[in-house]
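Structure record follows, encoded as structure tokens.
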Amino acid sequence: MLNRTALADRLGMRKGLSDRQFTAVSAALGLALAAGVAFAAGPWDSGQRKAEQDWAAARTLTGGAHHEPAARAKPAPAPSAPAVLAVLGTGGDRSAPDAAVAPDGAGAGLRAVLDPLLKDPALGTRRSAVVIDTATGKRLYGVGADTPMTPASTVKIATTVAALSALGPAHRIPTTVRASADLRTVTLVGGGDPTLDRAALRSLAAGTARALKDGGVRSVRLRYDTSAYSGPALHPIGPNENIAPVSALMVDEGRLDDTSSGPAPRSGDPARDAADAFGELLDEAGVAAGDGAAPGRAAAKSRPVAEHLSAPLSALVERALTNSDNDIAEALARRTAIAAGEPADFRGGRRAVTAQLKKLGLPLKGVNIADGSGLDRQDKVTAALLAGLLARAADQEHPELRPVLTGLPVAGFSGTLSGRYTTKSGGTGLIRAKTGTLTGVNSLSGTVVDPHGRLLAFAFLASGTAAPSEAQSALDALATALADGRR
Numbered sequence: 120m121l122n123r124t125a126l127a128d129r130l131g132m133r134k135g136l137s138d139r140q141f142t143a144v145s146a147a148l149g150l151a152l153a154a155g156v157a158f159a160a161g162p163w164d165s166g167q168r169k170a171e172q173d174w175a176a177a178r179t180l181t182g183g184a185h186h187e188p189a190a191r192a193k194p195a196p197a198p199s200a201p202a203v204l205a206v207l208g209t210g211g212d213r214s215a216p217d218a219a220v221a222p223d224g225a226g227a228g229l230r231a232v233l234d235p236l237l238k239d240p241a242l243g244t245r246r247s248a249v250v251i252d253t254a255t256g257k258r259l260y261g262v263g264a265d266t267p268m269t270p271a272s273t274v275k276i277a278t279t280v281a282a283l284s285a286l287g288p289a290h291r292i293p294t295t296v297r298a299s300a301d302l303r304t305v306t307l308v309g310g311g312d313p314t315l316d317r318a319a320l321r322s323l324a325a326g327t328a329r330a331l332k333d334g335g336v337r338s339v340r341l342r343y344d345t346s347a348y349s350g351p352a353l354h355p356i357g358p359n360e361n362i363a364p365v366s367a368l369m370v371d372e373g374r375l376d377d378t379s380s381g382p383a384p385r386s387g388d389p390a391r392d393a394a395d396a397f398g399e400l401l402d403e404a405g406v407a408a409g410d411g412a413a414p415g416r417a418a419a420k421s422r423p424v425a426e427h428l429s430a431p432l433s434a435l436v437e438r439a440l441t442n443s444d445n446d447i448a449e450a451l452a453r454r455t456a457i458a459a460g461e462p463a464d465f466r467g468g469r470r471a472v473t474a475q476l477k478k479l480g481l482p483l484k485g486v487n488i489a490d491g492s493g494l495d496r497q498d499k500v501t502a503a504l505l506a507g508l509l510a511r512a513a514d515q516e517h518p519e520l521r522p523v524l525t526g527l528p529v530a531g532f533s534g535t536l537s538g539r540y541t542t543k544s545g546g547t548g549l550i551r552a553k554t555g556t557l558t559g560v561n562s563l564s565g566t567v568v569d570p571h572g573r574l575l576a577f578a579f580l581a582s583g584t585a586a587p588s589e590a591q592s593a594l595d596a597l598a599t600a601l602a603d604g605r606r
């Protein structure tokens with residue numbers, strides 16, 4: 120494996136840098152490399168250290184029954200975590216991560232660099248920007264900071280922050296099988312886990328078959344229950360390869376091919392498809408499923424005979440942000456709604472997510488969270504909100520939100536940023552950011568460690584753009600300017 124110095128040399132970053140700047144860049148590259156190693160180790164909860172997960176779970180046991188056990192006293196955070204944050208500094212008032220512009224020279228320096236870049240015609244007819252020093256909570260730069268704009272997929276930052284705040288990083292989404300008192304009817308009950316796969320379905324079928332055989336039953340009626348969700352299943356954009364019908368029961372996000380991310384042909388009825396697949400696996404396990412599956416709720420006196428739990432919420436958040444996964448994002452909005460006692464539909468998700476953001480004390484004037492994924496053009500957020508959310512996730516007082524940062528794609532390396540930066544870009548490996556793209560809308564919001572060692576949170580929003588690739592390059596140039604210290 121390359122060390123930090125070798126990697127910096129390979130990326131062409133040594134040339135033109137002072138020793139101090141080179142040291143800062145090398146340190147940041149070391150962090151990116153460490154993140155890459157953890158990412159490769161998998162699965163999706165690799166971004167947080169286990170000790171920090173336990174600490175976060177112990178501090179925020181809310182949102183339902185599916186949490187890791189918390190009987191023991193809460194552990195201390197991982198020893199390395201405070202050290203990293205201490206380097207960034209802990210002074211200042213962080214109660215409002217969108218505080219007044221810093222009075223020092225940092226703001227003036229940023230204006231000199233960012234103002235010309237923000238005027239790039241590729242950014243369309245409207246644009247806004249905010250940069251926050253996460254250590255102090257001070258806004259270093261702002262243009263149109265409080266102007267509501269269509270965020271596209273960067274709204275997933277709001278969705279994931281709300282879900283982690285409401286449910287905690289250790290929360291898992293259940294899929295259960297319930298049997299009637301006489302064991303003659305079994306019901307596959309969806310809890311809203313879009314990542315349920317065939318292997319998990321096979322395990323559920325095997326567990327169900329064992330319980331039925333123990334009771335002397337080898338033939339059953341099969342039902343499937345999607346009542347955890349309410350409201351319309353189709354997203355307002357209609358049938359689309361970017362998202363399946365939103366259902367509490369599906370396998371592999373309703374994908375009809377072998378992909379795990381990005382656009383794909385989708386099932387028109389993912390719940391029925393999941394139930395039919397379960398019935399086939401039940402047959403293979405030695406229990407006949409009769410005439411196939413039919414929709415219906417589990418009987419009042421039914422009992423669970425098998426259960427599968429999703430990966431921890433921290434892992435789902437990371438996957439949703441890295442791959443811009445619309446199905447997971449909509450599921451997280453509905454799980455947040457359920458935790459808040461709201462209907463698990465688009466409107467309930469909007470109210471629940473908004474309520475959680477309000478509890479965090481973030482600026483919500485003009486904000487409208489219409490869906491969880493950002494596919495709805497009725498979504499409106501501000502650059503101040505997005506940057507403030509990331510500042511909250513970096514706050515030592517909110518370790519439960521850390522997966523929002525660890526899930527952000529790494530420039531030139533992972534997720535939706537894997538192809539947007541080259542080895543010659545000053546931001547490669549140094550920028551972590553969520554992308555957003557709709558026709559005429561482009562956005563980028565994330566974090567970067569600048570050459571002075573400061574962790575900056577930024578949000579750049581543009582609308583009225585005519586050429587997506589040119590708009591993306593202009594946004595990448597803004598983020599790179601933060602990373603390379605030209606000020």
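Numbering (the working numbering), first residue to last: 120 to 606.
All residues carry an ideal CB built from backbone N, CA and C; glycine is no exception.
Given the structure is predicted, the values throughout are model-derived calculations rather than measurements.
Distance, Cα to Cα, residue i vs residue j?
i	j	result
residue 244	residue 237	11 Å
residue 396	residue 340	15 Å
residue 285	residue 335	43 Å
residue 456	residue 601	36 Å
residue 264	residue 313	35 Å
residue 72	residue 233	Here the chain covers residues 120 to 606 and nothing more, so residue 72 does not appear.
residue 512	residue 451	17 Å
residue 388	residue 309	14 Å
residue 495	residue 477	21 Å
residue 508	residue 276	7 Å
residue 369	residue 444	15 Å
residue 293	residue 454	11 Å
residue 259	residue 516	22 Å
residue 192	residue 432	Confidence at residue 192 is low in this model, with a pLDDT of 38, below 50, so its placement is unreliable and the value that follows should be read with caution. Going by the C-alpha atoms only, they are around 22 Å apart.
residue 274	residue 493	5 Å
residue 587	residue 518	35 Å
For residue i, which residues in the same chain have their Cβ closer than 7 Å to its Cβ, ignoring the five residues on either side in sequence?
i	result
residue 242	581, 584, 590, 593
residue 262	237, 247, 248
residue 324	397, 400, 401, 404
residue 311	292, 347, 348, 367, 450, 453, 454
residue 462	349, 350, 456
residue 429	291, 292, 312, 314, 435
residue 499	267, 268, 269, 485, 486, 487
Terminal residues of the continuous beta strand (DSSP E) containing residue i?
i	result
residue 331	Looking at the DSSP string, residue 331 is not in any beta strand (DSSP E); the run it does join, the alpha helix (DSSP H), is 317 to 333.
residue 628	Because the chain here runs from 120 to 606, residue 628 falls outside it and cannot be looked at.
residue 239	It is not in any beta strand (DSSP E) - residue 239 carries neither H nor E in the DSSP assignment.
residue 293	293 to 298
residue 344	340 to 344
residue 565	560 to 568
Enumerate in chain order the residues of its own chain whose CB-to-CB distance from residue i is below 8 Å, with the five nearest sequence positions on each side excluded.
i	result
residue 125	Per-residue confidence for residue 125 stands at a pLDDT of 43, beneath the threshold of 50, marking its modelled position as unreliable; the derived number appears in the next sentence. So no residue of the chain qualifies.
residue 598	530, 546, 550, 552, 563, 565, 567, 577, 579
Could you check if residue i is buried or exposed, using at least 16 other CB atoms within 10 Å of its CB as the buried criterion?
i	result
residue 460	exposed
residue 449	buried
residue 393	buried
residue 377	exposed
residue 525	buried
residue 358	exposed
residue 603	buried
residue 354	buried
residue 475	buried
residue 381	exposed
residue 269	buried
residue 337	exposed
residue 571	exposed
residue 151	Legend: pLDDT at residue 151 = 45, less than 50; position of this residue unreliable, value from coordinates given subsequently. That one is buried.
Quick check on this structure: which residue in the options has the alpha carbon closest to the alpha carbon of residue i?
i	options	result
residue 410	479, 399, 559, 252	399
residue 483	491, 492, 473, 496	473
residue 527	555, 293, 368	555
residue 540	569, 519, 596	596
residue 344	321, 299, 316, 390	390
residue 437	279, 350, 356	279
residue 301	271, 384, 364, 423	423
residue 522	267, 288, 479	288
residue 271	491, 572, 514, 575	491
Determine the extent of the alpha helix (DSSP H) in which residue i is found, giving its start and end residues.
i	result
residue 305	Counting along the chain, residue 305 falls outside any alpha helix (DSSP H), though it belongs to the beta strand (DSSP E) covering 304 to 308.
residue 276	275 to 286
residue 448	445 to 458
residue 522	521 to 525
residue 554	Taken as a continuous stretch (DSSP letters only), residue 554 belongs to no alpha helix (DSSP H), being part of the beta strand (DSSP E) at 550 to 557.
residue 397	389 to 403
residue 414	Not the alpha helix (DSSP H): residue 414 falls in the beta strand (DSSP E), residues 412 to 414.
residue 582	Where residue 582 is concerned, there is no enclosing alpha helix (DSSP H), although the beta strand (DSSP E) it sits in stretches over 574 to 582.
Compare the C-beta of residue i against all C-beta atoms of chain D and say whether one is closer than 7 Å.
i	result
residue 391	Among the protein chains of the structure shown there is no chain D, as only one such chain exists.
Go through its chain and collect everything with a Cβ distance to residue i's Cβ below 6 Å, but skip five positions before and after it.
i	result
residue 425	296, 323, 326, 327
residue 306	297, 342, 344, 417
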